Each structure stands twice: as structure tokens, then as C-alpha cells.
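Taken in order, these protein sequences are the chains called U and F. Start counting at 1 in the first sequence, then tack on 1, and there's your number in the working numbering. Once you know that position 8 of the second sequence is -1 in the working numbering, the rest is easy, because the numbers rise by one and skip nothing. We put the CB at the ideal spot given by N, CA and C, even for glycine. Predicted model, so just to flag it, every value in this text is computed and none were measured. Inspection log for the structure reproduced underneath, given as C-alpha cells.
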Amino acid sequence: MGCLFTKHIKQIPGYEEPTVLAGETSFTVSEVEALYELFKKLSSSIIVDGLIHKEEFQLALFKNSNTRNLFADRIFDLFDVKRNGVIEFGEFVRSLSVFHPNTAISEKIEFAFRLYDLRHTGFIEREELKEMVLALLKESDLCLSDDVVETIVDKTFSEADLNGDGKIDREEWKEFVARNPSLLKNMTLPYLKDITIAFPSFVLYSEVEDSDI
Amino acid sequence: PFFNAFELISSMSSGFDLSSLFESK
């Protein structure tokens, strides 16, 4: 049964061996196999092709495949390392590993920086931050005057943009996060600590595979 | 009142809540 299962999953485009992924991430081999069960579910929710499309990602996050969200888009784009419009299994595991409790803080800081660097300039620019604040207000159905939004952005920049050049570079970001560690709160998913225990429904195949290898 | 913009974004946006991925199990 294990051999048949292994042959089947090797045909999935973008599939990578759990041992390889475990070697490069904070996950164990069994946890990568458990994640494969989750990946299969997500990647076949709309289009059964073994790849997570943006609509499937949105469906999983919002229970609605049409719900657009700037920050979900950014996370999808960062998971889609090859930038081909879909998330493959290896990309899924490597990216989720950033959110593992055991992953180095430096990786989380870098991922968050790239998340906020909307236009991939290597900086978080003032206009980008304002765009993100406005997107959040729209998502939350909150109404703040433009003056208040400007004040929030100005105040944040006055704390983060230490050299005053109108943009936040990586070093400034690191210092800002060090002074405001709660900014990384959403960069850790406690679920990932031991996914095989947290999600026992995924363990079946993992145990079969472990015993058959 | 002063709000840290990044604090607002990271704590409030549902787009960051990847725990929802696991609820689809």
C-alpha cells in the first residue's frame, strides 16, 4: 500500500520527497507527510491538479473563493516562489516552515519585510504603508479620515525610518521589529509545532508510509 | 491616539490568519 501511495504522489507536479523538505525546514519527515494530506485537500478543492491556485487559497482562508484581500494576495505571492501563479507542494512546505515556532526569528523578520515590500523595491515605502492601512480599513469596514490615516503613517515612519529618507530598509525594519516584537505575532503558527498531533486526521498516511519505508 | 500602522495591519487583517488553512481539514 505504501509503495502504491508513493508511486501515486510522485506523479504530482511539484511534488518533492519529504526527506528533502524535512532536511531544509523545521518539519520532521512525518510532519511533511502530514502536511501533504493538507496540501492534497487544499489543492483539489476547486481544480484537481495537485497545485494550489489563488482561488483555492482564498477558499481555504475565507471560505469563499472570490474574497480578495491584499495581505492574502501578498502571502500567496510569497508562497509562489516560482511566480507561476500556483503553489506547489515544496513551495507550500518551505513557506509554511517560516511560520513554525522553531524557525529562526531572522527568517520571520525577512518574510514579514518582503510581505510589506509591495512593489519589490527592497524598501517599505510610505505610499505602500498607506496603501496597506487603507486596505485594512476597507477590509474591516472602518472609516477614518485621510488626516488620521496620514497621522498613523507619519507616526509609524517617524519611529521606523531612522535615517529619514522616506522609506524603511531591511536594517531599519529589523530594529523596528526588535523594539516592537508583537509585529511578528502572526508569523508563528502554534499549530505547526507538531502537526501530526494537532491534526490526527492527517496521520493515517504518514504512519503507513513510515512503517513501509 | 497613536496606532502603529504595522501593528494594526498584522493584528487585524484576516489575510494573515493562516490558521484558517488548517480548519479546512
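Boundaries of the alpha helix (DSSP H) in which residue i is found, first to last residue
i, result
"Gly91(U)", "90 to 99"
"Glu18(U)", "No alpha helix (DSSP H) holds Glu18(U); DSSP gives it neither H nor E."
"Val264(U)", "For residue 264(U) there is no data in the structure shown, the boundaries of chain U being 2 and 214."
"Phe72(U)", "71 to 80"
"Ile0(F)", "-4 to 3"
"Phe13(F)", "10 to 14"
Under 8 Å by beta carbon: chain F residues contacting residue i
i, result
"Phe100(U)", "Leu9"
"Ile76(U)", "Gly6, Phe7, Leu9"
"Asn70(U)", "Ser4, Ser5, Gly6"
Those residues which DSSP pairs with residue i across a bridge
i, result
"Lys186(U)", "For Lys186(U), which the question treats as bridged, DSSP gives no partner whatsoever."
"Lys168(U)", "Glu126(U)"
"Val87(U)", "His54(U)"
7 Å Cβ cut-off: residues of chain F touching residue i
i, result
"Thr157(U)", "Asn(-5), Ala(-4), Phe(-3)"
"Val94(U)", "Correct list: empty, because the minimum Cβ distance to chain F is about 13 Å."
"Val154(U)", "Ala(-4)"
"Ala73(U)", "Gly6"
Residues that residue i contacts on chain F, provided the C-beta gap is smaller than 9 Å
i, result
"Phe28(U)", "Per Cβ cutoff of 9 Å: no residues; Phe28(U) is ~14 Å from chain F at best."
Minimum length 4: unbroken alpha helix (DSSP H) runs contained in the stretch 104 to 165 of chain U: 106 to 117, 127 to 140, 147 to 161
Between the stretch 134 to 146 of chain U and chain F, which residues of the former have CB atoms less than 7 Å from a CB of the latter, in chain order? Val134, Leu137, Glu140, Ser141
Using a Cβ-Cβ cut-off of less than 7 Å, list which residues of the stretch 174 to 187 of chain U approach chain F; keep chain order. Asn181, Ser183, Leu184, Lys186, Asn187
Check distances from the C-beta atoms of the stretch 37 to 62 of chain U to those of chain F and list, in chain order, the residues that come in under 9 Å. Glu38, Leu39, Lys42, Leu43, Ser46, Phe58, Leu60, Ala61, Leu62
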